[in-house]
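Numbering (this note's numbering), first residue to last: 7 to 1128. Glycine included, each C-beta is placed from N, C-alpha and C at the ideal position. All remarks here apply to the structure that follows.
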Amino acid sequence: MTEAGAAQTGGRGQVRGTKRLVMAPVRRAAVGEYARDVPPPAPGVTLLTGVAGSGKSSRLRATALRHLREEGTPVLMISSSRAAASRFAADLAAESEEGLGASRSMTWPAFAFEIISRAEAQGLIPWMRGAPRLRTGAEQDHRYHALLSRVPEASLPPTMALAAGTLGLRQQLRDFADQAIQVEADPEADVTALAARHNRPEWALAGRLMAEYRFQSALGDSEALDALELSLVARGILRENPEFGRAEAARQGLLVVDDAHNVTMPELALLEALVGALRPTGAPAIVAFDEASAVQVFRGADPARTGRRLAALADRQEDAGPNRRSSGTLAAVAESLRARLGVQPLGPGAAAPAADARGEAAGGEVECLVVSHPFHEHRLIGTRILDLVVSEGANVGFADIAVVVRSGSEARSVERQLTSLGIPVEVPPAVLTLKETPAVRPLVALMEVVVSAEEPEVAVLTEVLTSPLIGMSSVDLRRARQELRRRARLALVRSWSGEPADQASPNPASGDPMAAGGGGAPLEGAPPLTEARIPLSDQLLIEAASDPASETGIEGIDRLSRMIAAGRREYETKNKDPQHVLWGLWEESGRAPVWRSAAAGTGAAADRANRDLDAVMSLFYAAERFMDQRPGAAADEFLAELIEQAVPVDTVAKRAAGGSAVSVLTPVTAAGREFAVVFVAGVQEGRWPNPRVRGELFGTSDFLEALAAEREGRPVVYSGHAERVSAVRRDELRLFLAAITRATSRLVITAVNGDGESPSLFFDLVALAAGLSPHAIRPVHPPRPQTIRALIGELRRAAESAPAPEAADAASVLALLATSGVRDASLTRPETWWGSRALSTTAPVVGPEAVIVVSPSKIQQAIEDPLGWFVQYVGGEPAREFSRSLGTLVHALAERYPSGEREELTEALERAWADLNFDDSLSSRAERAHAEHLVSSFAQYAIQARSEGRDVTAGDVEKSFLAQVELPVRGVPRTVVLKGTIDRLERRTDGGWTVVDLKTSKTSVTAAEGAVHPQMAVYQYAAELGGLEGVERTEEALLVYLGKPNAKKVATVRQQGAGISSLAEVLVAEAARTMTGASFAAYRAGERDRSQLPEIDPLLPQGRPVTRLDLPENSPEEGNQA
C-alpha cells in the first residue's frame, strides 16, 4: 500500500522530497522450495541442533511438507506455544496441495489433553469422574487462597508473618507446588518428609497445603487437571497401557517437535514416552533444540538437563549449520553473547546440514542509543519507526518491525506511546493479562465500582473516561471538570445571594461566579460565604458519575453514569452474576456498533477496533468459563480472580486476523519469529537483567537441591546466593539473546542514561561487540516524528515566527497540504489555530453589578502580572512541582500540630512520607532531607514565638476571614469582598494579635519588601474591617520563611508593622481594577520575576505564536499590553 505523504522542509524552507508510506509484505520462509532440498526423515529420532537463525524451524516445516507430499501419512507437530503452533499449521496448509488432512499442530498441553480425553473415553482412567478439563491458573490461585486463609497467622513460619494474606505469598506457594510437580515430588513422602529432616517449617506448610489441595481435587473434581499434571497423566497412560500407546503411535506418520529447549520436565517425560511408543512402528521423529534459545526457564524448563536427556534419546544428531538469519555486525553481536553462555555441544555432530537454497541474509546493522529520560526512550523508538517506514524509497513496513521489552508492563507503555504517534501496534494476548488490555481495563475498573459499597475513586473514573470505552481526551476531561466546577460556583452564588436561577447567567461577562460570587444580600438561612466550600472537581466528578439522574449534558460523563447504573442494576437483580454485570456495562457503553463498523474497514483504526473487540470477547469468554466452573459464584469473586491474574492466560476465544502493525513483544512471545528491524528497549541496570532470585519465601531452590541429594543418596550442599544470582543472570542473558536474534537486518538497543537510570551490562556487551565504546555513547533527543500532524505543527511554527522567506515557503506547503486530502489536513487552516481565532468575548471578567472577591494571596500577582493572574484564574495552572506539594504537606502538618512539638511533627512526616511511595533514589533522599529541615524549622519557630510571648490555639490556625468594603474601581463605587485564610493568628502577652504566614520556599523577600508586603498588608486590613471574628486589629504581621535559615540557622522572618491600612486599600483597589478588566497586561519586572506559563506569554518566543494581536479579529477595544 502506498499513500501520498507530506513534503518536508529543509534549510530556508526548501522542499527536500516527498515521503511515501510503503507497506512491505511480511517475510516468510520459502517452505515449498526448501522442501525439495531437505532429505527425507530417517527412522528413529533425529536431534536437530543449531544456533538461533540457523533454520531449524524452517527445516522442520520443510521436512513435514515433504513427508505430507511423498508419504501422505499424518504429521504431529508440537510447539512450545499456541502462536507458534498456529504459524506452523498455517505455513504447511498454505504450501500443501491437499491441506493438512489428519495432521495436527498443537502445544504440549493440548496434545496431553487429547491423549487423556481418548483414554478416559476408553475407560482407562478409573479415578477420573467425567470428561477431563483444564484447571486454569486462576482456579489454582483461588484454591490456594482458600487453603491459606484457613491457616492461622500464628501458625505461619516466622519468615512469612509479614506476608500473611498477601497475593505474593499465594503466588510463591503456587510456584513452589509447580516446581515440586516438575520433579514429581509427593507432598507427603517427599515435601513433608524433607521438611522434618531438614527442619524447614516453610516446606512443612507447603507439603500440608499441597496434600490438602490433592485431596480436594480427588474428592471434588478429579477430572480437572493443572497444565503440568496433564503431561504427567498422559505420560502415565502411554507407559501403563502399551496397546493404547501403540494405537496412538499408529496415528502419527511423522513426529516433529520444535523448540524442545522450552519443554518442562513433565513435557519432556511425555516426549520420552511418546518416542518409546513410536519406535516399534518405525515412524521418524525430528526434534529441534538449542540450549541458548530457551525462554521458558521461569515456567520450569531446564535446557541443560533437557539437552542431556534428548541426546540420550536420539538415534542421531544433526547440526543445522551457521546463522542464516543475519550476518555482519548483527551476527557478530549474537555470537559474542552466545559465547558468554558457554553452551556445550551435546555430542559429536553427525550428518552435515542440508544445503540451504535461500542463501545468506543481508549484512546486519547494530545501533546502541541512549536517551536522558524514560519518556524519551519510547518516543525515540516511535520516531525511528516512522523514519524507517515513511522514508523515501522505504521497503520496510510496520509488520517488518518489532519492539521487544523485558516485561508486559513495559509493553503497555510502549504500546501507548506508539499509538499516540499514529503507529499501528499489535500486542499478542500472551504479553498482557486480560485485565491489562486497553479495551478490558475500563470494564474491569467499572466492575470494581459496581461491586464496591464505597464511592468510586476519581483516578478510576478518569482512567475510564479517557479509555477507548468512553474516548474523552485529556482536554475534554479538563473542560468537563471546569464546567462542573463552574456550575457548582453558580449554585453557591444563588444560594448565598438570593439571585433567581433564571437571572444567573453562566457567562463570565455577566458576573461569572468564578470570581464574583454574585451580588445582593445572602438568603435567610444560607450558609455564610466563608463556610460555603465549593467542592473540588474530583468530588463533583464522583457525584456526577454516581448519580444517573444528574444529566450533566457532558456526553462522556453521562454515559459513564449510565454504565455504572446499568451494572449496579444487573448486580442487584441478577444474583450478582458477572456475565450479566458485564453485559449491562458493555451494552450501555454503546461501543459495540462503533467498533464493529470500524473493524469492517481497513487500516490502523480497523486493526485497533478488531483487537479491542477480541479483548472484550475474551473477557466474556472468561466470565462464561468462570460460571461453568463455579456455578452461583458472584461478580466479586470473578473480579478478584481476574485482578489477581499475574500471568497472561491463553484463550480459545476467536480472534480477528492481524493487520500490518508493529509487534510489541516480550522475549517469550518473540521466540520463533523474525523481523527485518528489531528494537530492544529498556536495557537498564536492575531491570534487564533482573537479578532477583525467585521463590525465596518458601526456599524453593533449597528444596529442589535437597530433593536431588536425597534421591542420589548424598549429603545436600546448598548453592550460595551469589551462585543463584549468577544462574538468574544466565537465564536473563538467554532472554536477551532471544530478543536480539529476532532481527534479520537491523538491531537497535535503547536505554536511559540519566534521571537516576543507567544502561545495564547487556547494553555495554552489545556496544562492545559492535565495535562501540559504551562510555562514548551520548544521549540523543528524539527528533520530530514523521507524522502529518507533527509536520503541520512545524510548518505552522515556521509560518508564524520564521523570517519572511521561510515563512512564505511554510505557508505554501501548508496550502498544498490543505488541498491534498490527507488526514489532519484541517489543521492547516489558519482559522483553526489558537493564535488566529477571534476572542470568545471582550466583556469584563466580572460583571458591573457583581461583587468583586479578592484573595490576599493573589493580590501581588494581580498587580505585578495581570496576565499570569488571569490565566491561573481560569484554570491555566503550570505543572505542579514537587516543591509546591511539599509546601502543602508542611502546611498541613503545621495546622495539625500548631504547637510545633518536634516529635509529633517528625512522626507525622514519617507516616505521610511512607504514603508517598518514593523510590530509594538520591533525589528522593534529598527531598526527604529538605522536608525534615522544613519541619524542624517550624518546630524551632514555634519555640521562638513562645519565647517572645506569642502563642496559638488550634482554633487560630488556618483562620478563615471575610470582610466587605466599598471602593472606587475604574471610577465607579464597587463592593469588594476580601476572602481568604490566615496560616496562624498568634495571641501576644499584651493582648494584641500577630498575623503569621508560613513560606516553604528557599528564597525570601528583603526586609524592606516585607514591610510593605501586599498579602500581609491586606490580612491586617481585613482585621481592621472586622473580617476576623474577635480580632479588632493586629499589631504586626510576620512572613516566616521555613526553607531559608538565617545566620542563627532558624527560619528567616520578615516583619510588617501595624497601621498599614491606607496602603492595603490602594493595593486592593488596584487588584480589583485588574480583576474587573477585559484585557490583561503581560510584563516582566525584576530579576526574580519569571513567567509561570511561558507557552502563552507574548513576551517570550514560545508564547508569541498563540498570543498575536496583529490580526483585526484578535484586537479588543483596549488590546493587550506588553
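- Per DSSP, the unbroken alpha helix (DSSP H) holding Ala100 starts and ends at Arg88 to Glu101.
- With a cut-off of 8 Å on Cβ pairs, the stretch 211-219 is in contact with the stretch 183-200, counting three or more such pairs.
- In the three-state reduction of the DSSP assignment, Arg990 falls in the strand class.
- Counting C-beta atoms within 10 angstroms of its own C-beta, Val786 has fewer than 16 neighbours from the protein chains shown and is therefore classed as exposed.
- The Cβ-Cβ distance between Leu54 and Ala255 does not fall below 9 Å.
- For Val963, the beta-bridge partners assigned by DSSP are Arg990.
- Taking the CA atoms as reference points, Ala775 sits about 10 Å from Val372.
- CA-CA distance, Asp618 to Ala612, rounds to 10 Å.
- The stretch 865-880 makes contact with the stretch 1080-1088; the number of CB pairs closer than 8 Å reaches 3 or more.
- Taking the CA atoms as reference points, Gln302 sits about 34 Å from Pro637.
- In the displayed model, Glu1035 falls within coil according to three-state DSSP, outside both helix and strand.
- Taken through DSSP and simplified to helix, strand or coil, Trp592 comes out as helix.
- Non-local C-beta neighbours of Val239 in its own chain, meaning closer than 8 Å and more than five positions away in sequence, comprise Ala118, Ile122, Ile131 and Leu231, ordered along the chain.
- Boundaries of the alpha helix (DSSP H) harbouring Asp564: Glu561 to Thr579, taken from the DSSP string.
- Between Arg487 and Ser556, the CB-CB gap reaches or exceeds 9 Å.
- By the neighbour-count criterion, in which a residue is buried when 16 or more other Cβ atoms sit within 10 angstroms of its Cβ, His148 is buried.
- Glu190 carries a coil assignment under DSSP once its states are collapsed to helix, strand and coil.
- Cβ atoms of Met633 and Gln585 come within 8 Å of each other, at about 6 Å.
- By the CB criterion at 9 Å, Gln946 and Ala1057 fall inside the cutoff.
- Gly562 places its beta carbon less than 9 Å from that of Gly477.
- Counting of Cβ neighbours within 10 angstroms places Val481 among the exposed residues, the total staying below 16.
- Residue pairing for Pro979: DSSP places it in a beta bridge opposite Pro974.
- Each of Phe685, Val197, Thr52 and Gln1026 was checked against the Cα of Ile387, and the nearest Cα belongs to Phe685.
- Looking at the backbone, the Cα of Glu910 and that of Ala201 are separated by about 47 Å.
- Ile783 and Arg698 have their C-alpha atoms roughly 28 Å apart.
- Under the three-pair Cβ rule at 8 Å, the stretch 955-962 does not count as touching the stretch 890-899.
- Cβ contact annotation for Glu1030 (same chain, cutoff 6 Å, sequence separation greater than five): Arg1039 and Ser1067, in chain order.
- Taking C-alpha positions only, Gly348 is separated from Glu341 by approximately 11 Å.
- In the three-state scheme derived from DSSP, where H, G and I count as helix and E and B as strand, Phe681 is classed as strand.
- Using a Cβ distance threshold of 9 Å, Val982 and Ala868 do not count as a contacting pair.
- Going by DSSP, Glu324 is part of the beta strand (DSSP E) stretching over Arg322 to Asp325.
- Between the beta-carbon of Arg1060 and that of Ala1013 there is about 6 Å, and that keeps the pair under the 8 Å contact cut.
- Closest in C-alpha terms to Asp264, from the list Ala639, Leu490, Thr79 and Ala95, comes Ala95.
- Membership of Asp642 in the alpha helix (DSSP H) is indicated by the continuous run Ala641 to Ile649.
- Gln690 is bridged by DSSP to Pro765.
- Look at Arg72 here: in three-state DSSP terms it is helix.
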